[in-house]
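2 protein chains.
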Amino acid sequence: MVTVHDVAARSGVSIATVSRTLREPHRVSDDTRVRVLAAVDELGYRPNRAASSLRRGRTGVIALVVPDIENPYFASMTKGAQVMCRARGYGLVVVDTTERAEIEDEEVRALRSQTDGLIIASSRLSDERLTEIADAAPCVLVNRRLTGPGEAVPSVTIDEETGVEAAVAHLYDLGHRGLLYVGGPSRSWSQARRSAAIAEAAASRAGLHLVQVSDCVPTSEGGRAVAREALATGATAVIAYNDLVAAGLLAQWTELGVRVPDDLSLVGFDDTFVTGLVTPPLTSVGVDLRELGDAAVELLLDRIDRPDANAEGNDRTVVPRLVVRASTAAPGAR
Amino acid sequence: MVTVHDVAARSGVSIATVSRTLREPHRVSDDTRVRVLAAVDELGYRPNRAASSLRRGRTGVIALVVPDIENPYFASMTKGAQVMCRARGYGLVVVDTTERAEIEDEEVRALRSQTDGLIIASSRLSDERLTEIADAAPCVLVNRRLTGPGEAVPSVTIDEETGVEAAVAHLYDLGHRGLLYVGGPSRSWSQARRSAAIAEAAASRAGLHLVQVSDCVPTSEGGRAVAREALATGATAVIAYNDLVAAGLLAQWTELGVRVPDDLSLVGFDDTFVTGLVTPPLTSVGVDLRELGDAAVELLLDRIDRPDANAEGNDRTVVPRLVVRASTAAPGAR
DNA sequence: TCGATCGATGTAAACGTTATTACCCTAGTG
DNA sequence: CACTAGGGTAATAACGTTTACATCGATCGA
Numbered sequence: 001m002v003t004v005h006d007v008a009a010r011s012g013v014s015i016a017t018v019s020r021t022l023r024e025p026h027r028v029s030d031d032t033r034v035r036v037l038a039a040v041d042e043l044g045y046r047p048n049r050a051a052s053s054l055r056r057g058r059t060g061v062i063a064l065v066v067p068d069i070e071n072p073y074f075a076s077m078t079k080g081a082q083v084m085c086r087a088r089g090y091g092l093v094v095v096d097t098t099e100r101a102e103i104e105d106e107e108v109r110a111l112r113s114q115t116d117g118l119i120i121a122s123s124r125l126s127d128e129r130l131t132e133i134a135d136a137a138p139c140v141l142v143n144r145r146l147t148g149p150g151e152a153v154p155s156v157t158i159d160e161e162t163g164v165e166a167a168v169a170h171l172y173d174l175g176h177r178g179l180l181y182v183g184g185p186s187r188s189w190s191q192a193r194r195s196a197a198i199a200e201a202a203a204s205r206a207g208l209h210l211v212q213v214s215d216c217v218p219t220s221e222g223g224r225a226v227a228r229e230a231l232a233t234g235a236t237a238v239i240a241y242n243d244l245v246a247a248g249l250l251a252q253w254t255e256l257g258v259r260v261p262d263d264l265s266l267v268g269f270d271d272t273f274v275t276g277l278v279t280p281p282l283t284s285v286g287v288d289l290r291e292l293g294d295a296a297v298e299l300l301l302d303r304i305d306r307p308d309a310n311a312e313g314n315d316r317t318v319v320p321r322l323v324v325r326a327s328t329a330a331p332g333a334r
Numbered sequence: 335m336v337t338v339h340d341v342a343a344r345s346g347v348s349i350a351t352v353s354r355t356l357r358e359p360h361r362v363s364d365d366t367r368v369r370v371l372a373a374v375d376e377l378g379y380r381p382n383r384a385a386s387s388l389r390r391g392r393t394g395v396i397a398l399v400v401p402d403i404e405n406p407y408f409a410s411m412t413k414g415a416q417v418m419c420r421a422r423g424y425g426l427v428v429v430d431t432t433e434r435a436e437i438e439d440e441e442v443r444a445l446r447s448q449t450d451g452l453i454i455a456s457s458r459l460s461d462e463r464l465t466e467i468a469d470a471a472p473c474v475l476v477n478r479r480l481t482g483p484g485e486a487v488p489s490v491t492i493d494e495e496t497g498v499e500a501a502v503a504h505l506y507d508l509g510h511r512g513l514l515y516v517g518g519p520s521r522s523w524s525q526a527r528r529s530a531a532i533a534e535a536a537a538s539r540a541g542l543h544l545v546q547v548s549d550c551v552p553t554s555e556g557g558r559a560v561a562r563e564a565l566a567t568g569a570t571a572v573i574a575y576n577d578l579v580a581a582g583l584l585a586q587w588t589e590l591g592v593r594v595p596d597d598l599s600l601v602g603f604d605d606t607f608v609t610g611l612v613t614p615p616l617t618s619v620g621v622d623l624r625e626l627g628d629a630a631v632e633l634l635l636d637r638i639d640r641p642d643a644n645a646e647g648n649d650r651t652v653v654p655r656l657v658v659r660a661s662t663a664a665p666g667a668r
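Top to bottom, those sequences are chains U and W.
Under the numbering used here, think of the first position of the first sequence as 1, with each following residue one higher.
Under the numbering used here, think of the first position of the second sequence as 335, with each following residue one higher.
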């Protein structure tokens, strides 16, 4: 292993100067700098991260905790986070909790002391636990906002109301009056918000009849499972908890001979790449998920690098767009 | 921050004993052990990873380098790797190279000195470069095997021949005699192997006519783009480079009024969750991708933890299964 | 009973980096 | 010319762990 000492010896300076050359280049004279950098290059020197972390009390690494990396939603988020981390010179460790709160708790506990900060996406933990964690380490929540008065845990959330409003408006304007919302797990924070937002959006529209079913398993299998039940409601338009559920509904309906959008319009959530995989391509409302990851990293790193700069600007809200594809049309269009 | 010193003070022993209690519990007496562990618990002590790494020359972290974490293929692999790492007490840092060789090179260079080992999946780097990397750090390749004689870079690969053979046999037995293979990027190692294996499997079957197109972009858009061209070949059965391409073909064909499997049979590769999303569900040949990640981690950690135990047992081959779903049937079945 | 052995614990020296302090040397100022 | 200011560099002390070695009883065999 090549260390500062080797570089120092080779370039005829002290180890202090080597370190300074790399950390604060402007503080050394021009010719020492080139000499040191040359030696660094020739020897292939790379500062030992462990040593650096130990001395500085900073690891240069942040952690992203997600429930399930196989879920395209979190995969995209991770991608965004990854790119931003690279740009800012930070490492990213991704942890998959397999949707289990106790694993999340355990991992978070382990990570908080060994990283510079945490991003926790769609957490399964209680408000109390999260507050406690945020007290102990820089922390950004995604898809979760703590409600307490004094709480100031930074978070990145989606403006569900706006997204839902756009979806409902779209369907209403097409002429739909019977609307079904196939909701996800009732314990989910996003589900609660979406459900409430849909109720509100529906209530404000004359003649619109809304039915909600909930606790659909948020996968395509879940969608398949409720496909018949959904038909039975007599709705002409369906909004699904997410794209996967929508895909499942679509697949099952197709097998049952129900045609989309001729017989039934369908809107998904999250606008993942799944929308382009199915036939017809799915109208969906969602944010750029990479941007979500991006934003979380940015928020966290700003907190870390510029400590107590501004206790304000804690939260970021990302506004979703409705992307209209081929799964929605006027009712009875055929 | 609570350190060994705090724990030592609290439990009335020296820091050495604290460290030993945690690393080699059998080497301390029973009552000291319980006393120390109690103190650890009460104080919430967690050994500082940076310090530990520095001293031991081991980080307890391995890296997984993938071209694209958004690709369900690598997402599943990552999941498998993640779970295995957790089980073995290692941390996992996932790096997405966004399919760019120069980023892969750069990241690998940075990671090899700061982790205990590397897993490089579907690498874009040259054989020479990979050999060089493997010389400098424990390394396992996935979906790549170095061919040189003395080369002994451990790898996990898929037995493409067996998988392809099963797919071709399935279609042939259904009665198909005109077969099209829609191949992926010609620079891809997997593509080369699949293409060769299909040619071989086809050659051994009387009356089977094989056409290959290649350089299809390995996404659903890529599949859509070649959908018409595929029809023009007159084949009655199509094998696609992967499930995404198959999904694209399927979507475009559906829009063109071509029905699967009535008019055309379709087989995908990799058996990702995409197979269940589309209509009809896709017949696909692939391995359990989590197992692939699993195996890579296991191979790597065995190398790290039991150094030079066995230079043999370097490679692991995973045998894919053909999962028959609804996208394949006898030709002219309708 | 005495030395050898062994088990349990303590002491202290690393690991490679960075930050603080001290130093030197040159240039500027009265 | 003496004195100071200040830029550039060197020496050195941490950071928290782990581990080789030393120490000290106690046990055991002769």
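From the three backbone atoms N, C-alpha and C, an ideal C-beta is built for every residue, glycine too.
Computed from a predicted model, the values in this text were never measured in an experiment.
DSSP bridge partner residues for residue i (one or two, in chain order)
i: residue 317 of chain U; result: U/157
i: residue 269 of chain U; result: U/285
i: residue 515 of chain W; result: W/546, W/573
i: residue 711 of chain W; result: The structure shown does not extend to residue 711 of chain W, since chain W spans only 335 to 668, so no value can be given for it.
i: residue 141 of chain U; result: U/120, U/155
i: residue 322 of chain U; result: U/285
Euclidean distance between Cα positions of residue i and residue j
i: residue 454 of chain W; j: residue 470 of chain W; result: 14 Å
i: residue 434 of chain W; j: residue 441 of chain W; result: 11 Å
i: residue 346 of chain W; j: residue 357 of chain W; result: 18 Å
i: residue 253 of chain U; j: residue 303 of chain U; result: 48 Å
i: residue 571 of chain W; j: residue 512 of chain W; result: 6 Å
i: residue 273 of chain U; j: residue 144 of chain U; result: 23 Å
i: residue 650 of chain W; j: residue 557 of chain W; result: 31 Å
i: residue 160 of chain U; j: residue 488 of chain W; result: 48 Å
i: residue 537 of chain W; j: residue 502 of chain W; result: 11 Å
i: residue 472 of chain W; j: residue 480 of chain W; result: 15 Å
i: residue 83 of chain U; j: residue 533 of chain W; result: 39 Å
i: residue 10 of chain U; j: residue 42 of chain U; result: 10 Å
i: residue 610 of chain W; j: residue 389 of chain W; result: 49 Å
i: residue 463 of chain W; j: residue 543 of chain W; result: 39 Å
i: residue 102 of chain U; j: residue 111 of chain U; result: 14 Å
i: residue 363 of chain W; j: residue 336 of chain W; result: 24 Å
i: residue 334 of chain U; j: residue 576 of chain W; result: Residue placement at residue 334 of chain U is flagged as unreliable, the pLDDT there being 47, under the threshold of 50; the coordinate-derived value follows with that caveat. Cα-Cα distance, rounded: 35 Å.
Cutoff 8 Å: residue i Cβ touching any chain U Cβ
i: residue 403 of chain W; result: yes
i: residue 611 of chain W; result: yes
i: residue 447 of chain W; result: yes
i: residue 668 of chain W; result: In this prediction, residue 668 of chain W has a pLDDT of 47, which is less than 50 and means its spatial position is unreliable; nothing more can be read from the coordinates.
i: residue 393 of chain W; result: yes
i: residue 525 of chain W; result: no
i: residue 430 of chain W; result: yes
Sequence-distant residues of its chain with Cβ nearer than 8 Å to residue i (five each side left out)
i: residue 394 of chain W; result: 383, 386, 387, 423, 424, 425, 450
i: residue 663 of chain W; result: 508, 595, 596, 599
i: residue 66 of chain U; result: 74, 77, 78, 94, 95, 96, 97, 121, 122
i: residue 171 of chain U; result: 179, 237, 239, 265, 267, 328
The ligand FAD heavy atom lying under 7 Å from the CB of residue i
i: residue 78 of chain U; result: No copy of the ligand FAD appears in this structure; indeed no ligand is present at all.
Sequence-distant residues of its chain with Cβ nearer than 6 Å to residue i (five each side left out)
i: residue 605 of chain W; result: 618, 620, 657
i: residue 296 of chain U; result: 119, 140, 142, 156
i: residue 497 of chain W; result: 619, 654
i: residue 624 of chain W; result: 410, 413, 414
i: residue 27 of chain U; result: 20
i: residue 660 of chain W; result: 614, 615
i: residue 205 of chain U; result: 172
i: residue 335 of chain U; result: Examination of residue 335 of chain U is not possible in this model, given that chain U is present from 1 through 334 alone.
Contact belief for residue i with residue j at Cβ below 8 Å, rounded distance in angstroms
i: residue 220 of chain U; j: residue 192 of chain U; result: So it is not a contact: roughly 22 Å between Cβ atoms.
i: residue 339 of chain U; j: residue 213 of chain U; result: Residue coverage of chain U in this structure runs from 1 to 334, which leaves residue 339 of chain U outside it and unanswerable.
i: residue 541 of chain W; j: residue 529 of chain W; result: Not confirmed; about 21 Å, so no contact.
Cβ of residue i within 8 Å of any chain W Cβ
i: residue 93 of chain U; result: yes
i: residue 46 of chain U; result: yes
i: residue 129 of chain U; result: no
Contacting residues, own chain, Cβ-Cβ under 7 Å from residue i (five flanking each side not counted)
i: residue 438 of chain W; result: 399, 431, 457, 458, 459
i: residue 31 of chain U; result: none
i: residue 380 of chain W; result: none
i: residue 392 of chain W; result: 450
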